Amino acid sequence: MALLTLHRIPSIPTSPDETFQRRGRLQKRESFALVKGAVLLLEDGKTGGDQEETSSTLTSPGKKDIGASGTRHRHLHAMFEQLRPEDSIKLAVQLESASLVRVRYLIVVSTASSKGESILLGMDFPHSDSSQCTIGLVLPIWSDTQVYLDGDGGFSVTSAEETRIFKPVSMQTMWSVLQVLHGSCERAVKAAVIPGNGLEWAQYYLRHIESDRFCLNEWEAMNDLESVRRDSNGQKMSDERLIKEHLRDIMRTEDLDNLTSKMVHSALQTRIGFDMRPYKEYIDNEILVTMAQMDKPSKIFDYLYLGSEWNAANFEELQKNNVGYILNVTREIDNFFPESFTYMNIRVYDVESTDLLSHWPNTYNFINTARKSGQAVLVHCKMGVSRSASTVIAYAMKQQHWPLDVVLAYVRDRRSIVKPNEGFMKQLQTYSGILNARSDPAVTARSGDEIWMKTIQMRIMRSLFYSIKHLS
């Protein structure tokens, strides 16, 4: 283990609304313990009295260890340069990476102004010798944040229905990060840190996510996807995924009017070379799912398509439709072509309790970015029926200034199978009320966000009151 002390140069105080310099300025003395794969902040009083003001070691390391310590020292400086002056790194832990070259760190960041608040940042270095890094992930720690071991040398963090998976480079670093994370979660509970009540400073880092798409894909990777792109490293896929791949190829190339289930089973057996009988039920189910998905995506506007997993995996069709952006509104489906399209992921399931409403401001901006670029965007879920359809309806209400019933009829006229689940319909009704309140002259003529929010709350409560009265 090594000790490292950094001096942070005092900075001129700025107002909360000012834009901070990209280079964070060091403003106080901070000491860190360096261990393999991790950098841990030593709180006041925990450092030894003989510690020097530059990097020093407790043992006599060899040249290799000095090099590793120097690399971590350089990486720590680079990560500090991404921070605001009043923020500090509590822990930096190196993570496994799919790349043999890139280096990734997960850091826990706290702020001087709010002791109970912390966020997680994902930092990307293009290579180990780099002295510059970019932000690839921002994950707030709310009072409902949970940390779970995944049984595969890593852990997951679930925060406000958003889940991310991390695999530290060693068990020692795993132990360090879990201790710090649990402490951060406990402080968030005590401080009642919930969306809308804290962590406003996290917006600064969200605005400065600058890692490239390959890095972002790795931060967004999920370990329980049901539909994934082909592994570029040639790792063996599961039998069911292999069957699914060949099944889709067969159904894409054969005459469906004359194709029977028996013919599909026989063709799969010939192609793959093992007994298909144990997978009979799976194959029959996938045939039905694929048939339902094989329709072309529905053109809602010239720049907006609504479709299914099948459409998201059809590269030729995407190119033909001038698609440059893909909005994936699923928890279970991977991004099939991350090197060719710009993706946004809303990782949710199609259940009534899912919160889509909070994502719609961001999905609106993403779709509008595609529109302004001159390219089209595909919005998809598993079938293009509920999750993605609800998101498209929400977009159309805001973009076209149409009421919910008009948009619903318009979208169903272009895709007849559209049917948001009951939970999403209630959220669309709430969203419609919010949009109406924003456009109401009685509201917009009066200044102040507080008045606007109270008006929205009154309308929603009135709507709920009449709904309950009607049901009773």
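Sequence positions in the sequence shown follow UniProt numbering and run 1 to 472.
Heads up, the beta-carbon is just placed ideally off N, CA and C, and yes, glycines get one too.
Keep in mind the model is a prediction, meaning the values are calculated, not measured.
At least three beta-carbon pairs within less than 8 Å, the stretch 341-356 to the stretch 387-395 | A contact exists between the stretch 341-356 and the stretch 387-395.
Would you grab the beta carbon distance between residue 286 and residue 244 for me? Rounded to a whole angstrom, and I think it's under 8 Å.
-> Contact holds; Cβ gap of about 6 Å.
For the candidate residues 305, 383 and 117, whose alpha-carbon lies nearest to that of residue 332?
-> The shortest C-alpha separation from residue 332 is found at 383.
Leaving out five residues on either side along the sequence, give the residues of the same chain with a beta carbon under 8 Å from the beta carbon of residue 125.
-> Counting only residues of its own chain and dropping the five nearest sequence neighbours on each side, residue 125 has a CB closer than 8 Å to the CB of 75, 78, 102, 103, 104, 105, 132 and 133.
Residue 104, enclosing beta strand (DSSP E) - first and last residue | Residue range 103-111 is occupied by the beta strand (DSSP E) that includes residue 104.
Could you pull the start and end residues of the beta strand (DSSP E) that residue 87 belongs to?
-> Per DSSP, residue 87 belongs to the beta strand (DSSP E) from 87-95.
Cβ contact check for the stretch 319-327 and the stretch 367-385: 3 or more pairs under 8 Å = The stretch 319-327 makes contact with the stretch 367-385, as at least three CB pairs between them are under 8 Å.
Per DSSP, which one or two residues make a beta bridge with residue 158?
-> According to DSSP, which records beta bridges pairwise, residue 158 is partnered with 146 and 163.
For residue 377, the first and last residue of its enclosing alpha helix (DSSP H) = That residue, residue 377, is in no alpha helix (DSSP H); its beta strand (DSSP E) goes 376-380.
Any idea what DSSP makes of residue 118, helix, strand or coil?
-> Three-state DSSP puts residue 118 in a strand.
Hey, how far is the Cα of residue 337 from the Cα of residue 190?
-> Our two residues, residue 337 and residue 190, have alpha carbons roughly 43 Å apart in a direct line.
Three-state secondary structure assigned by DSSP to residue 424 = In the structure shown, residue 424 sits in a helix (DSSP, three-state: H, G or I).
Only counting runs of 3 or more residues, tell me where the beta strand (DSSP E) segments fall wholly within the stretch 317-388, in order along the chain.
-> As for any beta strand (DSSP E) of minimum length 3 sitting wholly inside the stretch 317-388, the runs are 323-328, 342-345 and 376-380, ordered along the chain.
For residue 269 versus residue 276, is the C-beta spacing smaller than 7 Å?
-> Contact flag set, yes.
Distance between beta carbons of residue 88 and residue 110, contact taken as under 8 Å = Between the beta-carbon of residue 110 and that of residue 88 there is about 6 Å, and that keeps the pair under the 8 Å contact cut.
Which one or two residues does DSSP pair with residue 130 in a beta bridge?
-> Paired residue(s): none; residue 130 is not in a bridge.
Given that a residue counts as buried once 16 or more other Cβ atoms are within 10 Å of its Cβ, and exposed if not, what is residue 311?
-> Label assigned to residue 311: buried.
Use the C-beta contact count for residue 473: other C-beta atoms within 10 angstroms, 16 or more gives buried, fewer gives exposed.
-> With the chain covering 1 to 472 only, the question about residue 473 has no answer from this structure.
How big is the Cα-Cα spacing for residue 409 and residue 128?
-> Going by the C-alpha atoms only, they are around 55 Å apart.
Can you tell me the Cβ-Cβ gap for residue 178 and residue 140, rounded? I've got them flagged as a contact below 8 Å.
-> In fact, because the Cβ distance is near 18 Å, the residues do not count as touching under 8 Å.
Go ahead and pull the three-state DSSP assignment for residue 206.
-> In this structure, DSSP gives residue 206 a helical state, which the three-state scheme calls helix.
Take the Cβ of residue 403 as the centre, count every other Cβ of all protein chains shown within 10 Å, and call the residue buried at 16 or more, exposed below.
-> An exposed status is given to residue 403, since fewer than 16 other beta-carbon atoms sit within 10 Å of its beta-carbon.
Does the Cβ of residue 174 have 16 or more other Cβ atoms within 10 Å, making it buried, or fewer, making it exposed?
-> Buried.
Do you know whose CA, among 254, 240 and 296, lies nearest residue 278's CA?
-> Check the Cα spacing between residue 278 and each of 254, 240 and 296: the tightest is with 240.
Whole-angstrom Cβ separation of residue 136 and residue 216, contact assumed at under 8 Å?
-> About 6 Å separates the CB atoms of residue 136 and residue 216; that is less than 8 Å, so the two are in contact.
Report buried or exposed for residue 380, applying the criterion of at least 16 other Cβ atoms within 10 angstroms of its Cβ.
-> Under this definition residue 380 is a buried residue.
Assigned secondary structure, residue 302 (DSSP; H/G/I helix, E/B strand, else coil) = In the structure shown, residue 302 sits in coil (DSSP, three-state: anything other than H, G, I, E or B).
Going by C-alpha distance, which of 413, 360 and 375 is nearest residue 428?
-> When C-alpha distances from residue 428 are compared across 413, 360 and 375, the shortest belongs to 360.
Is it buried or exposed for residue 346, if we count other Cβ within 10 angstroms and need 16 for buried?
-> Residue 346 comes out buried.
Applying the criterion that 16 or more other CB atoms from any shown protein chain within 10 Å of the CB defines a buried residue, is residue 281 buried or exposed?
-> With fewer than 16 other Cβ atoms within 10 Å, it is exposed.
Length-filtered (4 minimum) alpha helix (DSSP H) runs lying within the UniProt domain "DEK-C" (237-292) | If we require 4 residues or more, the alpha helix (DSSP H) runs fully inside the UniProt domain "DEK-C" (237-292) come out as 239-253 and 261-272.
Would you identify the three-state DSSP class for residue 311, choosing helix, strand or coil?
-> Three-state DSSP puts residue 311 in a helix.
With DSSP collapsed to three states, give me the class of residue 196.
-> For residue 196, the three-state secondary structure derived from DSSP is coil.
Considering only residues of the same chain and omitting the five flanking positions on each side of residue 201, which have a CB-CB separation below 6 Å?
-> So the list reads 111, once near-sequence residues are dropped.
Would you say residue 288 and residue 415 are within 7 Å of each other, going by their C-beta atoms?
-> Their beta carbons are not under 7 Å apart, which means residue 288 does not touch residue 415 by this criterion.
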